[in-house]
Amino acid sequence: MPPSRRPTQRDIAELAGVSITTVSHVVNGTRPVAPETRAAVLDAIARTGYTGDVIARSLVTGGTRSIGVAISLLANPYFATLIQAIEREAAAAGYTVLLSDTHDTVETEQDIVRALRARRVEGLLLTPVPGDKSVLSELRSVGIPTVLVDRLSPRSDHDQVGAENIQATSALTEHLAAHGHRRIGLVSGAEGLATSEERTLGYRLGLGRAGLPWNAELVACGHSERQRGADALARLLDLEDPVTAVVVANDAMMVGVLHEARRRNLRIGTDLAVVGYDDPEWAELVEPPLTTMAQPVAEIGRAAVRLLLNRLRDPDRPPETVRLPPTLCHRESCGCKLWK
1 MPPSRRPTQR DIAELAGVSI TTVSHVVNGT RPVAPETRAA VLDAIARTGY
51 TGDVIARSLV TGGTRSIGVA ISLLANPYFA TLIQAIEREA AAAGYTVLLS
101 DTHDTVETEQ DIVRALRARR VEGLLLTPVP GDKSVLSELR SVGIPTVLVD
151 RLSPRSDHDQ VGAENIQATS ALTEHLAAHG HRRIGLVSGA EGLATSEERT
201 LGYRLGLGRA GLPWNAELVA CGHSERQRGA DALARLLDLE DPVTAVVVAN
251 DAMMVGVLHE ARRRNLRIGT DLAVVGYDDP EWAELVEPPL TTMAQPVAEI
301 GRAAVRLLLN RLRDPDRPPE TVRLPPTLCH RESCGCKLWK
């Protein structure tokens with residue numbers, strides 16, 4: 001083989017004394033190969049420095065130094081920040097990231113996870129699609145180290161990391177009650193998501209702590225979408241006894257809520273008190289600036305990578321759940337006049 005040419009599977013086959021088909025089976029794991037034949041192929045790969053694909057390199061080195069990330073709705077600014085933190089933390093540890101968007105559908109999630117498995121990623125970071133747990137069962141059965149990110153389960157066999165949602169949303173609700181509001185609504189997120197359920201529970205907890213009754217008609221699902229967030233606020237304002245304050249469970253719905261309030265010529269912080277969850281970059285740029293609960297998004301991403309690397313180093317350690325506290329960003333949309 002000329003020294004200037006990269007080795008190919010044909011070169012590996014000739015050096016190992018086997019067919020190209022056999023080399024392919026060893027590299028791709030598509031058919032059992034006799035141990036001595038496999039050893040000869042791996043020796044030829046190592047001797048020639050063959051790097052035709054990541055799978056061949058992993059056969060020699062024992063790992064691909066890659067992490068699969070299957071995240072939903074990458075266009076969401078929250079997940080964009082999360083991915084940036086994941087990539088930086090992984091790169092610092094010498095790992096590359098293979099990224100895919102599940103679009104929050106079961107079929108896409110299954111296809112993506114299987115594709116990442118075929119790429120022999122060493123571990124996986126996953127925001128699970130709501131409802132169906134078949135992918136988690138599959139990952140557990142095949143032994144791929146997996147960390148659940150953002151959407152956590154109260155009972156999980158996997159490591160997981162996300163924000164603390166219940167106490168944080170309770171604090172937002174109690175803050176509105178402290179301003180004298182008694183008709184406090186909730187624009188909740190997509191049904192079936194753990195984060196939506198936890199924030200609804202936090203809202204209900206906050207009402208109880210403030211001595212206010214739970215009233216199901218004051219909860220309107222915005223499905224984590226802008227327009228449906230607007231529709232949810234409209235339902236709350238069209239009640240016979242409308243809300244005077246509202247907790248909005250994420251920033252996508254907050255955009256719709258603000259548009260609907262403007263359409264009705266309502267003054268945020270005066271005619272309608274509003275608090276939110278996520279604290280997007282634009283939260284302090286609108287008028288009035290938004291009181292929100294800021295998630296530690298970058299730290300969640302970094303912690304997810306650390307959990308996965310710890311799992312790779314110690315596969316038998318018990319599953320770990322990490323809950324990181326959000327920070328209340330106290331501005332003026334709640335009716336306060338303290339923000340500078």
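Residue numbers (UniProt numbering): 1 to 340.
Where a beta carbon is used, it is the ideal one built from N, C-alpha and C, also for glycine.
1. Contact check, L116 vs L124 under 8 Å by CB: the rounded distance?
2. Tell me the start and end of each unbroken beta strand (DSSP E) in the region 222 to 274 that is at least 3 residues and wholly inside, in chain order.
3. From T105 to V129, what distance separates their C-alpha atoms?
4. With a 10 Å radius around its C-beta and 16 neighbouring C-beta atoms as the bar for buried, classify T61 as buried or exposed.
5. Comparing alpha-carbon positions, which option in N310, E281, V286 lies nearest N76?
6. Report all residues from its chain with a CB closer than 8 Å to the CB of Y48; omit the five preceding and five following residues, and keep chain order.
7. Taking C-beta to C-beta, are S196 and G185 nearer than 8 Å?
8. With a threshold of 16 other CB atoms inside 10 Å of the CB of D159, please say whether the residue is buried or exposed.
9. For the alpha helix (DSSP H) containing A80, list its first residue and its last residue.
10. For G185, does the three-state DSSP call read helix, strand or coil?
11. Relative to the C-alpha of L152, which residue among A39, P319, A194, D238 is closest?
12. What's the call for A39, buried or exposed, on a 16-neighbour Cβ count within 10 Å?
13. Taking the alpha-carbon positions, what's the S72 to F79 distance?
14. How many angstroms separate the CA atom of V219 from the CA atom of L236?
15. Would you kindly work out how many angstroms separate the C-alpha atoms of R317 and R311, rounded to a whole number?
16. Measuring CB to CB, does V187 end up less than 8 Å from A232?
17. By a C-beta neighbour count over all protein chains shown, 10 Å radius and 16 as the cutoff for buried, is P242 buried or exposed?
18. Between the alpha carbons of T292 and R65, how many angstroms are there, rounded?
19. Nearest by alpha-carbon distance to A85: which of I300, P325, L328, R323 is it?
20. Can you give the beta carbon distance from E284 to R209, rounded, assuming they're within the 8 Å contact cut?
21. Name the one or two DSSP bridge partners that D159 has.
22. Looking only at DSSP bridge pairs, what is C329 linked to?
23. If you compare alpha carbons, which of Q167, L307, A177, D238 is closest to Y277?
24. Please report the distance separating the alpha-carbon of G143 from that of T81.
25. Among all the DSSP beta bridges, which residues are the ones paired with R323?
26. Name, in chain order, the residues that DSSP records as bridge partners for L124.
Taking the definition as stated:
1. Residue mapping note: residue 116 aligns to position 116 of the sequence shown, counting from 1. Residue mapping note: residue 124 aligns to position 124 of the sequence shown, counting from 1. Sure, about 6 Å apart at Cβ, within 8 Å.
2. DSSP assignment within the region 222 to 274 yields the following whole beta strand (DSSP E) runs of 3 residues or more, N-terminal first: 245 to 248.
3. Along the sequence shown, read from residue 1 onward, the residue named residue 105 stands at position 105. Along the sequence shown, read from residue 1 onward, the residue named residue 129 stands at position 129. Cα-Cα distance, rounded: 6 Å.
4. As a position in the sequence shown, residue 61 is number 61, starting the count at 1. With a pLDDT of only 48 at T61, under the threshold of 50, the placement of this residue in the model should not be trusted, and no figure is reported.
5. Taking the first residue of the sequence shown as 1, we reach residue 76 at position 76. Closest by alpha carbon: E281.
6. Along the sequence shown, read from residue 1 onward, the residue named residue 48 stands at position 48. Checking the sequence, you will find Thr at residue 48 rather than Tyr. Within the same chain, T48 has close Cβ partners M1, P7, D11, I12, L15.
7. Position 196 of the sequence shown, counted from the start, is the residue given in the question as residue 196. Position 185 of the sequence shown, counted from the start, is the residue given in the question as residue 185. In terms of Cβ geometry, S196 and G185 do not form a close pair [threshold 8 Å].
8. Numbered from its first residue, the sequence shown carries residue 159 at position 159. Looking at its Cβ environment, which holds 16 or more other Cβ atoms inside 10 Å, D159 is buried.
9. Taking the first residue of the sequence shown as position 1, residue 80 is located at position 80. Residues 77 to 92.
10. If you number the sequence shown from 1, residue 185 lands on position 185. Three-state DSSP puts G185 in a strand.
11. As a first step, residue 152 must be located in the sequence shown, where it is residue number 152. Checked all of A39, P319, A194, D238; the closest Cα to L152 is A194.
12. Indexing the sequence shown from 1 puts residue 39 at position 39. Exposed, by the Cβ-count rule.
13. As a first step, residue 72 must be located in the sequence shown, where it is residue number 72. As a first step, residue 79 must be located in the sequence shown, where it is residue number 79. Roughly 8 Å separates the two Cα atoms.
14. As a position in the sequence shown, residue 219 is number 219, starting the count at 1. As a position in the sequence shown, residue 236 is number 236, starting the count at 1. About 8 Å.
15. Position 317 of the sequence shown, counted from the start, is the residue given in the question as residue 317. Position 311 of the sequence shown, counted from the start, is the residue given in the question as residue 311. If I take the Cα positions, the gap works out to 7 Å.
16. The residue you call residue 187 lines up with position 187 of the sequence shown. The residue you call residue 232 lines up with position 232 of the sequence shown. In contact: V187 and A232 (Cβ atoms closer than 8 Å).
17. Taking the sequence shown and counting its residues from 1, the one referred to as residue 242 is at position 242. Exposed, because fewer than 16 other Cβ atoms sit within 10 Å of the Cβ of P242.
18. Counting from one through the sequence shown, the residue named residue 292 turns up at place 292. Counting from one through the sequence shown, the residue named residue 65 turns up at place 65. Computed Cα separation, rounded: 38 Å.
19. On the sequence shown, position 85 is the one that residue 85 refers to. The shortest Cα separation from A85 among I300, P325, L328, R323 belongs to I300.
20. By 1-based counting over the sequence shown, the position of residue 284 is 284. By 1-based counting over the sequence shown, the position of residue 209 is 209. Rounded to whole angstroms, the Cβ separation of E284 and R209 is 28 Å, and the two are not in contact under 8 Å.
21. If you number the sequence shown from 1, residue 159 lands on position 159. Answer by DSSP bridge pairing, in chain order: V147.
22. Numbered from its first residue, the sequence shown carries residue 329 at position 329. In the DSSP output, where bridge partners are listed per residue, C329 has T292.
23. If you number the sequence shown from 1, residue 277 lands on position 277. Its Cα nearest to that of Y277, the residue Q167 stands out among Q167, L307, A177, D238.
24. Working through the sequence shown from its first residue, we reach residue 143 at position 143. Working through the sequence shown from its first residue, we reach residue 81 at position 81. Rounded to whole angstroms, the gap between the alpha carbons of G143 and T81 is 29 Å.
25. On the sequence shown, position 323 is the one that residue 323 refers to. DSSP output for R323 lists G162 as bridge partner(s).
26. In the sequence shown, the residue the question calls residue 124 occupies position 124. In the DSSP output, where bridge partners are listed per residue, L124 has G68, T146.
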